[in-house]
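Engineer: So the sequence shown is numbered by our numbering: it starts at 5 and just counts up by one.
Below is a structure I'd like to ask you about.
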Amino acid sequence: MRESCYWIMVFVLNHGEGADLSAAFHHEHVSGVTVMPAKGSISNSFLAKLGMREIRKDLVFAIEERERARVLLPQMVERFKLVKKNRGIAYALPITGIYGSHALNECKVEKEEGEDIMWQVIYTVVDKGGANAVIESAGAAGARGGTILRGRGSASRNTTMIFDFPIEPEKEVVMVLAPQEKVQSIVGAISNKLHIDEPGHGIIFVQDVAAAYGLVEQK
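Shown next as structure tokens:
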């Protein structure tokens, strides 16, 4: 079996640290670094009761050759102390195609035997306002928090029309990193809670994770 020799490294950091990580990657001559704002869920029940259900986060994407990423990922995890509680998380996803970067050349490598998938990332795309329900249902099924991104969906029959111009509905994307053995129950809980199987209620997709840091499973 063949797979791409590139990884995309994904970091969820406390707000303000994204620029520092980007600078650290550029110092290591890593191209294709992107920083964007995100929101993380709050598991502290006291803060949740005060209405503080979200905290600001920085989401950082960095693309690098797989073998070099295997070295850089733990280095950055150590540098930003992601092994400590509430510092952030990091994981890597294999890439099957890269476009738009002249610094990255396409190459293929043989998949290593015995590479077991231990973690997966669940992406849930819902209408604006649905992210908290995703986080809550995922948590009830064993997930430990999630990261929320906001964006827009493409125009559809549900698009609002103002002065004959289509206004695309706002969307929320929730990323949840979970052990593989919990993924099916988490996906099922989210799907049941938000009626994902019904048209127009959202989508869920799951990706394998090549490496993960910053999450310690509670026994």
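Glycine included, each C-beta is placed from N, C-alpha and C at the ideal position.
For clarity, every value in this text was computed on a predicted model and none was experimentally measured.
Roughly how many angstroms separate the alpha carbons of G20 and I208, rounded to a whole number?
Structural biologist: When rounded, the distance between both Cα atoms is 29 Å.
Engineer: Looking at C-beta atoms only, is the number of pairs between the stretch 171-188 and the stretch 132-143 that lie closer than 8 Å three or more?
Structural biologist: The stretch 171-188 is in contact with the stretch 132-143.
Engineer: Taking L181 as part of the beta strand (DSSP E), name the residues at either end of that continuous run.
Structural biologist: Segment E174 to P183, the beta strand (DSSP E) holding L181.
Engineer: In this structure, how does DSSP classify N18 when only helix, strand and coil are distinguished?
Structural biologist: In this structure, N18 counts as strand in the three-state DSSP scheme.
Engineer: Grab me the residues of R211's own chain with a C-beta within less than 7 Å of its C-beta, minus the 5 sequence neighbours each way, in chain order.
Structural biologist: The question names Arg, but residue 211 is Gln in the sequence shown. Within the same chain, Q211 has close Cβ partners L97, Q124 and V125.
Engineer: Exposed or buried, what is I121 when buried is set at 16 or more other beta-carbons lying within 10 Å of its beta-carbon?
Structural biologist: It counts as exposed.
Engineer: Opposite Q124 in the DSSP bridges: which residues?
Structural biologist: DSSP lists A182 and D212 as partners of Q124.
Engineer: Could you tell me whether any Cβ in chain C is nearer than 7 Å to the Cβ of P183?
Structural biologist: You won't find chain C in this structure, because it holds only one protein chain.
Engineer: When the Cα atoms are used, what is the spatial distance from V34 to A216?
Structural biologist: So the two alpha carbons sit approximately 19 Å from each other.
Engineer: Nearest to T38 by CA position, among D131, R60 and E68, is which residue?
Structural biologist: Considering only alpha carbons, the answer is E68.
Engineer: Check the DSSP bridge columns for V75 and list the partner residues they point to.
Structural biologist: Answer is none; V75 lacks a bridge partner.
Engineer: Give the secondary structure of I171 by DSSP, where H, G and I count as helix, E and B as strand, and everything else as coil.
Structural biologist: Here I171 scores only 48 on pLDDT, less than 50, and its place in the model is too uncertain to base an answer on.
Engineer: DSSP state of D24, grouped into three classes?
Structural biologist: Looking at D24 - three-state DSSP - the assignment turns out to be helix.
Engineer: For K88, count neighbouring Cβ atoms within 10 angstroms of its own Cβ and tell me buried if that reaches 16, exposed if not.
Structural biologist: Result: exposed.
Engineer: Applying the 10 Å Cβ sphere with the 16-neighbour rule, what's the burial state of V129?
Structural biologist: V129 is buried by the Cβ-count criterion.
Engineer: Which residue's Cα is closest to the Cα of T151: E32, A145 and P41?
Structural biologist: The shortest Cα separation from T151 among E32, A145 and P41 belongs to P41.
Engineer: Can you give the Cα-Cα distance for P203 and S189, rounded to whole angstroms?
Structural biologist: Using only the alpha carbons, I get a separation of about 21 Å.
Engineer: Whose CA, out of H31, K43 and F15, lies closest to the CA of A135?
Structural biologist: With distances taken between Cα atoms, A135 lies closest to K43.
Engineer: So, helix, strand or coil for A42, using DSSP?
Structural biologist: Three-state result, A42: strand.
Engineer: Applying the 10 Å Cβ sphere with the 16-neighbour rule, what's the burial state of A159?
Structural biologist: Low per-residue confidence applies at A159: pLDDT is 48, beneath 50, and the placement is therefore not dependable, though the value from the model is reported in the following sentence. The residue is exposed, with fewer than 16 neighbouring Cβ atoms inside 10 Å.
Engineer: I'd like the span of the beta strand (DSSP E) that includes I200, first residue to last.
Structural biologist: No beta strand (DSSP E) holds I200; DSSP gives it neither H nor E.
Engineer: Between L219 and the rest of its own chain, which residues show a CB-CB distance below 7 Å, the 5 nearest in sequence each way excluded?
Structural biologist: Correct list, in chain order: I93, R148 and L181.
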